[in-house]
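Colleague: Quick one: structure below, then a few questions.
4 protein chains.
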Amino acid sequence: MARYDFASDNTAPAAPEAMAAVLAANSGFTSGYGTDHVTAEAADLVRATLDADAEVRFVASGTAANAISLAALCRPFEAVLAHEHAHVCTDETGAPGYFGQGLGLIRLPGASGRIDPAALAEPLAQPDVSYRQSPAALSLTNATEYGTVYSAPALKALTAPVKAKGYGVHLDGARLANAWASGFDLKGIGALGVDILVIGGTKAGMPPTEAVVIFDRGLARRFDARLKQAGQLPSKGRFYAAPFIGMLKDEALKRHAAHANAMARRLEALMPFPVRHPVEANGLFVEMDEPRLQRLHAAGWFVYRFLDGTVRFMCSWATTPDAVDELGEALKQVA
Amino acid sequence: MARYDFASDNTAPAAPEAMAAVLAANSGFTSGYGTDHVTAEAADLVRATLDADAEVRFVASGTAANAISLAALCRPFEAVLAHEHAHVCTDETGAPGYFGQGLGLIRLPGASGRIDPAALAEPLAQPDVSYRQSPAALSLTNATEYGTVYSAPALKALTAPVKAKGYGVHLDGARLANAWASGFDLKGIGALGVDILVIGGTKAGMPPTEAVVIFDRGLARRFDARLKQAGQLPSKGRFYAAPFIGMLKDEALKRHAAHANAMARRLEALMPFPVRHPVEANGLFVEMDEPRLQRLHAAGWFVYRFLDGTVRFMCSWATTPDAVDELGEALKQVA
Amino acid sequence: MARYDFASDNTAPAAPEAMAAVLAANSGFTSGYGTDHVTAEAADLVRATLDADAEVRFVASGTAANAISLAALCRPFEAVLAHEHAHVCTDETGAPGYFGQGLGLIRLPGASGRIDPAALAEPLAQPDVSYRQSPAALSLTNATEYGTVYSAPALKALTAPVKAKGYGVHLDGARLANAWASGFDLKGIGALGVDILVIGGTKAGMPPTEAVVIFDRGLARRFDARLKQAGQLPSKGRFYAAPFIGMLKDEALKRHAAHANAMARRLEALMPFPVRHPVEANGLFVEMDEPRLQRLHAAGWFVYRFLDGTVRFMCSWATTPDAVDELGEALKQVA
Amino acid sequence: MARYDFASDNTAPAAPEAMAAVLAANSGFTSGYGTDHVTAEAADLVRATLDADAEVRFVASGTAANAISLAALCRPFEAVLAHEHAHVCTDETGAPGYFGQGLGLIRLPGASGRIDPAALAEPLAQPDVSYRQSPAALSLTNATEYGTVYSAPALKALTAPVKAKGYGVHLDGARLANAWASGFDLKGIGALGVDILVIGGTKAGMPPTEAVVIFDRGLARRFDARLKQAGQLPSKGRFYAAPFIGMLKDEALKRHAAHANAMARRLEALMPFPVRHPVEANGLFVEMDEPRLQRLHAAGWFVYRFLDGTVRFMCSWATTPDAVDELGEALKQVA
């Protein structure tokens, strides 16, 4: 039977802190649809973590959270600017277009998952024409799909021209914890011009949950109705809020992400294949031909070939040093 | 502080069997997006419970599950036939129209939440005209919004003319467990012509989860892509599947629902206000004027005034006889 | 063969002034997508007629024009307030929900097609809740579906509380010409708080064309892209603009509508059946049982039974006094 | 003032045969929404021209006709295969995604506007996965965007593998008349496996109108409701049907297209710039740098730079030999 330890960071179980908080919250009767005290406490913790007076909601799905955010920022005849390999472009079955009734995606290039500022400038400079979906928002991802981390100035270089045009900014933080552990300052996100942030819980070691943080309060008007209509306003809200309590208290989230990042670096040290992107978060992307990948699979280690042709190894809070070493040994065998 | 014990069946915590199964499943690495062994086991249990060779998926939201099902059965220029007070018509912020790009809802009357067969006959008899959304599916709810339970023959009387027209049938089973405990035979659902069934986990004592059961295999083609695009294909599928394992084994689900139903009957026996609908499941609907309702709220018991003007009391697996008796006492005070 | 003279005001041919303008415009090469000089001239005429500095577009379909306008005013999780028998509610196959991805319609009662102000007050007073589509716009129709005409004060009584809530106002003017001829002041529309007006060309004696007038310039941003995406930005714009030139010059539009209105009153004078609504525009609604309607059909006159159970007779610019008299004779025979 | 003669084939006026037919149809009262005798006659002519027993509808917009067709062939979580420079991909503001609620477009390469069969094979071979919109239909264009014409065998090579997968085929015939005049056999379209064909009227010398031909009768079920909801079921159908009568009788359509094609070849003979694509229809695509294009514009001739960087010259039924020669002279001046 194949082992999925390194296939994705969502193959791991939930961390003890998250589960303990769920169990603690699972007591007594509470009001529904996010009006409960557990949700209130978790939202306060998110605000404190970000040092931001923002609206916070807890939802079940990152795909939905992203798509709903983009639909809040763009109308159907407008488009979202995003890295061509961003999750919203490649892994969500067209969810932004579904939730946003056909809103467009303008795919931008950039090394190692980071949007090239020059590539962003071009669509921003184009005149509005009727036959094309003109941009209305920028979607960013940090840490990126390729395990790199934007610095605050790098993000600012992307958001500034977008905000200057009056457009919105969405930050997909499916792996925000890993960026945090890598030195990215969460308290500076608001100042970057981000309008809506999605903080990933699932990949960070929680049971399924994501936090939607609405920095632009104007966008928050009737947001519960927006979520409810989209199937993302949980009646039993505490189950999505509680994991954030467990993981934000004492920054367990950051600690677990730091461990995941460290495991990626440990794997890098053992890696007999060329590493293609800087290892700044919890992923490792290496050049490996198909026969060798098949041998690795045959040896019981399942990992994916990624969009740029590299083979991806993801670490998580649950990745053990022993597993890394064991994988390193297997890699040596197939190399 | 207000008590929410009787406000809804989603104010209760999750039952021990469900949580134990979640904890048991939260171990080791598993593959994602519903391909894991926990999901496989839960799907098998659902099939066994229904005695049906159907496709089964586990999703986060009942609103989304219903809306996705209706969108699978109807095109935007068609309409769903449903009871005028069905959840899809009144409590989901237009989710069917959102997921189904404007698909219509034809609201049918009927006593105590059950569709009047004569009322159903009328839209079925109307000719297709271009300026109207003609029906393409029937949406049923069992147990109904008013705590009544359709018998199999009563359902058959509704589904037969619909299937004769070649239209689809959706069954919203948010409270299917309560119908089951009330004598409704789950193994007979397939023979009723139901194409898609949603089995509610949330209101039945699970953490958020719903099972989507696709009896019509043709509808199941590319269903995972449909779910993924709609934000309802959980990467960590085991968290939505496991509760069903805990609750379907030894029929804990039915046992808990039977308790909830019994609590509703216990409350009925103590109720000083006129009961408006037959108490066949876990809800009680009574006539109470606004001043008395306000006094009840002031006494610390929060309940809702419902669509037909009655005041609704919902019981759940977690409702205790003591709480019922305590509420009965409070009701006597305000009566 | 059945005669369709009174079945609808869209069964008539186009008026000579409209066709002459089309032929005049059909010469030489022009730029596309509404940037041509014919479109510019027609837009100027519309603005002059309304005495308003508004954006004007010419589109092919009234259904689309209404739906696009409502989608511009409401988000999918919001709703439009409209008369329960308004065209957008009953005759457009759910187009508002299709173009607006499920936006809701709140159906309001009111005698003879005019919304009852008291009925409007209720949804405006309700609190925003997550499970319901709260109102974001009001849709009005003048002349109404029942051949009555709102006065400016009557409209103001409806728009004022809506604007006070910050909501939008749409005016479906499919029969605005008939209201105009009946005394409704077109130059006062802007002051009523209307954000988007659709002026019907088709029913007023033009080949298919409708003018969309955007009083709220903020809504006009990227409107051409909105129209293009919705299939309503004609490449050969002059064909939709020219009829308005022919009909607005010398107010031929008003003159033809006055004739249509006069024909309705002439028919009223001859009508042997009870007339149900005031005859203020070009329609007549009478009580007639089914056998008599069938006899009228058998006599070669096709007319529709309408939503309120009355039988509708519509007059147009092309209705002749002789035809009215002939129909009057036929009605006498079947009465 | 700029001349638009060669900017597009939609800058021309309508041809006399089309206008005469419109004027002839503009007489007397007719029933609405495509049930009139003019529409019936035009539909018969379309069927005779194609030698096909197909459903035919006449609509206002080619963009809408294409988008509605694709929405009929694909569900939102599926995708359309199309040439990367096809009109549906590049010039319709995302209309397919709007009408089809986010349906995807898989952009395929191919020289001179024709899809490369090898490029088509790849997405057809990929397995269905949940995170990607898998193909469900192929969209073709003949004549292509680059003025080339597919032969029937070339089309068959593309449709055969698509039909083998059970997917649908849409043919955008905005310039079908030009392909026809170039030797493409209209009576063979049905045998190619095309499910829905859009025959362009607008670019072929008609006032705005397009014919939607539904070869697959199963797709035609409730198509009028589909069109009505999408704002494309004209009440005064004769205005969209009549031009086809005028242009299909005696094959005026083919004759006018042959003239347009001949004008393109005449221009080719005079062209001092390198011609990039074979001139098989009514367009010419040449290499011209920006300063020279600006000089041409300054000389009063407006033409567009196209997607592949070439400058496009389009001829129409109304292009005169003198205008071609005059342009040839101007081109010589700027060369």
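Residue numbers (this note's numbering), protein chains in the order written: chain P, 1 to 335; chain A, 1001 to 1335; chain Z, 2001 to 2335; chain L, 3001 to 3335. The C-beta atom is built at its ideal place from N, Cα and C for all residues, glycine as well.
In or out: Leu2270 (chain Z) buried (at least 16 other Cβ within 10 Å) or exposed?
Modeller: In the third sequence, the residue the question calls residue 2270 (chain Z) occupies position 270. Burial call: exposed.
Colleague: Just confirm the distance between the C-beta atoms of Phe244 (chain P) and Phe58 (chain P), as a whole number of angstroms; I'd bet it's less than 8 Å.
Modeller: As a working note, residue 244 (chain P) is residue 244 in the first sequence. As a working note, residue 58 (chain P) is residue 58 in the first sequence. The pair is a contact, with the Cβ atoms about 7 Å apart (cut-off 8 Å).
Colleague: In whole angstroms, what separates the C-alpha of Val1334 (chain A) from that of Tyr33 (chain P)?
Modeller: Here residue 1334 (chain A) corresponds to residue number 334 of the second sequence, with the count starting at 1. Here residue 33 (chain P) corresponds to residue number 33 of the first sequence, with the count starting at 1. Going by the C-alpha atoms only, they are around 28 Å apart.
Colleague: Alpha carbons only, please: which of L:Phe3313, L:Val3324, L:Lys3332, L:Pro3321 is nearest the one belonging to Asn3010 (chain L)?
Modeller: By one-based count along the fourth sequence, residue 3010 (chain L) stands at place 10. Of L:Phe3313, L:Val3324, L:Lys3332, L:Pro3321, the residue nearest in Cα terms is L:Phe3313.
Colleague: Is the beta carbon of Gly1168 (chain A) sitting closer than 8 Å to the one on Leu1197 (chain A)?
Modeller: Start at 1 with the first residue of the second sequence, and residue 1168 (chain A) comes out as number 168. Start at 1 with the first residue of the second sequence, and residue 1197 (chain A) comes out as number 197. Not closer than 8 Å, so no.
Colleague: If you follow the beta strand (DSSP E) that Thr3141 (chain L) is part of, which residue opens it and which one closes it?
Modeller: Here the question's residue 3141 (chain L) lines up with position 141 in the fourth sequence. Its beta strand (DSSP E) spans residues 3134 to 3141.
Colleague: Listed in chain order, which residues of the segment 2008 to 2038 of chain Z have Cβ atoms closer than 9 Å to some Cβ of chain L?
Modeller: Listed by position, the residues of the segment 2008 to 2038 of chain Z near chain L (Cβ gap below 9 Å) are Ser2008, Asn2010, Thr2011, Ala2012, Pro2013, Ala2014, Met2019, Val2022, Leu2023, Ala2025, Asn2026, Ser2027, Gly2028, Phe2029, Thr2030, Ser2031, Gly2032, Tyr2033, Asp2036.
Colleague: Identify whether Val129 (chain P) lies in helix, strand or coil by the three-state DSSP scheme.
Modeller: Taking the first residue of the first sequence as 1, we reach residue 129 (chain P) at position 129. In this structure, Val129 (chain P) counts as coil in the three-state DSSP scheme.
Colleague: What is the residue span of the alpha helix (DSSP H) that Ala2079 (chain Z) lies within?
Modeller: As a first step, residue 2079 (chain Z) is located in the third sequence; it is residue number 79 there, counting from the start. Looking at the DSSP string, Ala2079 (chain Z) is not in any alpha helix (DSSP H); the run it does join, the beta strand (DSSP E), is 2078 to 2083.
Colleague: Our contact map puts Lys3332 (chain L) next to Pro3272 (chain L) with C-beta atoms below 8 Å; I'd like the distance itself, whole angstroms only.
Modeller: Sequence index remark: in the fourth sequence, residue 3332 (chain L) carries index 332 (1-based). Sequence index remark: in the fourth sequence, residue 3272 (chain L) carries index 272 (1-based). Indeed they touch by this definition, with Cβ atoms about 6 Å apart.
Colleague: Restricting to Cα atoms, I'd like to know which of Z:Ala2095, Z:Ala2020, Z:Gly2102 is closest to Tyr337 (chain P).
Modeller: Because chain P is modelled from 1 through 335, residue 337 (chain P) falls outside the range shown and cannot be assessed.
Colleague: Quick check on DSSP: helix, strand or coil for Leu3233 (chain L)?
Modeller: Here residue 3233 (chain L) corresponds to residue number 233 of the fourth sequence, with the count starting at 1. Coil, per DSSP.
Colleague: What is the DSSP secondary structure of Phe1058 (chain A), counted as helix, strand or coil?
Modeller: On the second sequence, residue 1058 (chain A) is found 58 positions in, with the first residue counted as 1. In the structure shown, Phe1058 (chain A) sits in a strand (DSSP, three-state: E or B).
Colleague: Using a Cβ-Cβ cut-off of 6 Å (strictly less than) and excluding sequence neighbours within five positions of Arg3295 (chain L), which residues of its own chain qualify?
Modeller: What you label residue 3295 (chain L) is simply residue 295 of the fourth sequence in a count that begins at 1. Hits under 6 Å: Val3334.
Colleague: Less than 8 Å between the beta carbons of His1170 (chain A) and Ala1204 (chain A), yes or no?
Modeller: By one-based count along the second sequence, residue 1170 (chain A) stands at place 170. By one-based count along the second sequence, residue 1204 (chain A) stands at place 204. Not a contact, by the Cβ cut-off of 8 Å.
Colleague: Determine the direct distance from the alpha carbon of Asn261 (chain P) to that of Ala330 (chain P), and round the result to whole angstroms.
Modeller: As a position in the first sequence, residue 330 (chain P) is number 330, starting the count at 1. As a position in the first sequence, residue 261 (chain P) is number 261, starting the count at 1. Computed Cα separation, rounded: 21 Å.
Colleague: For Ala143 (chain P) versus Ser112 (chain P), is the C-beta distance shorter than 8 Å?
Modeller: If you number the first sequence from 1, residue 143 (chain P) lands on position 143. If you number the first sequence from 1, residue 112 (chain P) lands on position 112. No, these two residues do not count as a Cβ contact at 8 Å.
Colleague: In terms of alpha-carbon separation, which member of A:Pro1127, A:Asp1116, A:Ala1048 lies closest to Lys1165 (chain A)?
Modeller: Taking the first residue of the second sequence as position 1, residue 1165 (chain A) is located at position 165. Comparing Cα-Cα distances from Lys1165 (chain A) to each of A:Pro1127, A:Asp1116, A:Ala1048, the minimum goes to A:Pro1127.
Colleague: Look at the alpha carbon of Met3206 (chain L) and the alpha carbon of Ala2012 (chain Z), and state the distance between them as a whole number of angstroms.
Modeller: Position 206 of the fourth sequence, counting from 1, holds the residue named residue 3206 (chain L). Position 12 of the third sequence, counting from 1, holds the residue named residue 2012 (chain Z). Distance between the alpha carbons of Met3206 (chain L) and Ala2012 (chain Z): 22 Å.
Colleague: Can you tell me whether DSSP reads Glu1326 (chain A) as helix, strand or coil?
Modeller: Counting from 1 along the second sequence, the entry for residue 1326 (chain A) is found at position 326. DSSP places Glu1326 (chain A) in helix when its eight states are reduced to three.
Colleague: Return no unless some Cβ of chain A is closer than 8 Å to the Cβ of Ala3060 (chain L).
Modeller: As a position in the fourth sequence, residue 3060 (chain L) is number 60, starting the count at 1. No, Ala3060 (chain L) does not count as interfacial toward chain A.
Colleague: Spell out the partners DSSP gives Phe3313 (chain L) in its beta bridges.
Modeller: Counting from one through the fourth sequence, the residue named residue 3313 (chain L) turns up at place 313. Looking at the DSSP assignment, Phe3313 (chain L) forms a beta bridge with L:Leu3284.
Colleague: Count the other CB atoms within 10 Å of the CB of Arg266 (chain P); is the residue buried (16 or more) or exposed (fewer)?
Modeller: On the first sequence, residue 266 (chain P) is found 266 positions in, with the first residue counted as 1. Its Cβ being crowded by 16 or more others within 10 Å, Arg266 (chain P) is buried.
Colleague: Any beta carbon of chain A sitting closer than 8 Å to that of Phe3077 (chain L)?
Modeller: Here residue 3077 (chain L) refers to the residue found at position 77 when the fourth sequence is read from its first residue. It does; some Cβ of chain A falls within 8 Å.
Colleague: Please look up how many angstroms separate the CB atoms of Leu2140 (chain Z) and Leu2158 (chain Z), rounded, as I've assumed it's under 8 Å.
Modeller: Looking up residue 2140 (chain Z) in the third sequence gives position 140. Looking up residue 2158 (chain Z) in the third sequence gives position 158. Confirmed, about 7 Å.
Colleague: Sort out for me which residues DSSP pairs Asp2172 (chain Z) with in a bridge.
Modeller: For the purposes of this step, residue 2172 (chain Z) is taken as residue 172 along the third sequence, with counting starting at 1. Its beta-bridge partners are Z:Thr2141, Z:Val2198.
Colleague: Let me know if Lys3249 (chain L) comes out buried or exposed under the rule of 16 or more other beta-carbons within 10 Å of its beta-carbon.
Modeller: Residue 3249 (chain L) sits at position 249 when you count from the first residue of the fourth sequence. Exposed.
Colleague: Listing by chain order, which chain L residues have their CB less than 9 Å from the CB of Arg107 (chain P)?
Modeller: The residue labelled residue 107 (chain P) in the question sits at position 107 within the first sequence. Neighbours of Arg107 (chain P) on chain L: none; closest Cβ ~11 Å, over 9 Å.
Colleague: Quick one: residues in its chain with C-beta nearer than 6 Å to the C-beta of Lys1071 (chain A), no 5 flanking neighbours on either side, listed in chain order?
Modeller: Against the second sequence, residue 1071 (chain A) aligns to sequence position 71. Going by the sequence as given, residue 1071 (chain A) is Ala instead of Lys. Closer than 6 Å at Cβ, skipping near neighbours: Phe1099, Gly1100.
Colleague: Rounded to whole angstroms, what's the CA-CA distance from Val2324 (chain Z) to Val2286 (chain Z)? Just pull it up for me.
Modeller: Against the third sequence, residue 2324 (chain Z) aligns to sequence position 324. Against the third sequence, residue 2286 (chain Z) aligns to sequence position 286. When rounded, the distance between both Cα atoms is 15 Å.
Colleague: Considering only the beta carbon of each residue, do Gly1147 (chain A) and His1277 (chain A) sit closer than 8 Å?
Modeller: The sequence position of residue 1147 (chain A) within the second sequence is 147, counting from 1. The sequence position of residue 1277 (chain A) within the second sequence is 277, counting from 1. The answer is yes: Cβ separation under 8 Å.
Colleague: Would you kindly report the start and end of the unbroken beta strand (DSSP E) that includes Gly2104 (chain Z)?
Modeller: Counted from its first residue, the third sequence places residue 2104 (chain Z) at position 104. Element bounds for Gly2104 (chain Z): 2104 to 2108.
Colleague: In terms of residues, what are the limits of the alpha helix (DSSP H) holding Glu1041 (chain A)?
Modeller: To locate residue 1041 (chain A), count along the second sequence from 1; it is residue 41. Where Glu1041 (chain A) is concerned, the enclosing alpha helix (DSSP H) stretches over 1037 to 1050.
Colleague: Between Ala281 (chain P) and Val1038 (chain A), what straight-line distance do the alpha-carbon atoms span, to the nearest angstrom?
Modeller: Taking the first residue of the first sequence as position 1, residue 281 (chain P) is located at position 281. Taking the first residue of the second sequence as position 1, residue 1038 (chain A) is located at position 38. Distance between the alpha carbons of Ala281 (chain P) and Val1038 (chain A) is about 29 Å.
Colleague: Find the residues of chain L that neighbour Gln1229 (chain A), judging by a C-beta separation of less than 8 Å, and give them in chain order.
Modeller: On the second sequence, residue 1229 (chain A) is found 229 positions in, with the first residue counted as 1. Pro3076, Phe3077, Gly3102, Gln3133, listed in chain order.
Colleague: Helix, strand or coil, according to DSSP, for Tyr3004 (chain L) in the structure here?
Modeller: By one-based count along the fourth sequence, residue 3004 (chain L) stands at place 4. Tyr3004 (chain L) falls in the coil class under three-state DSSP.
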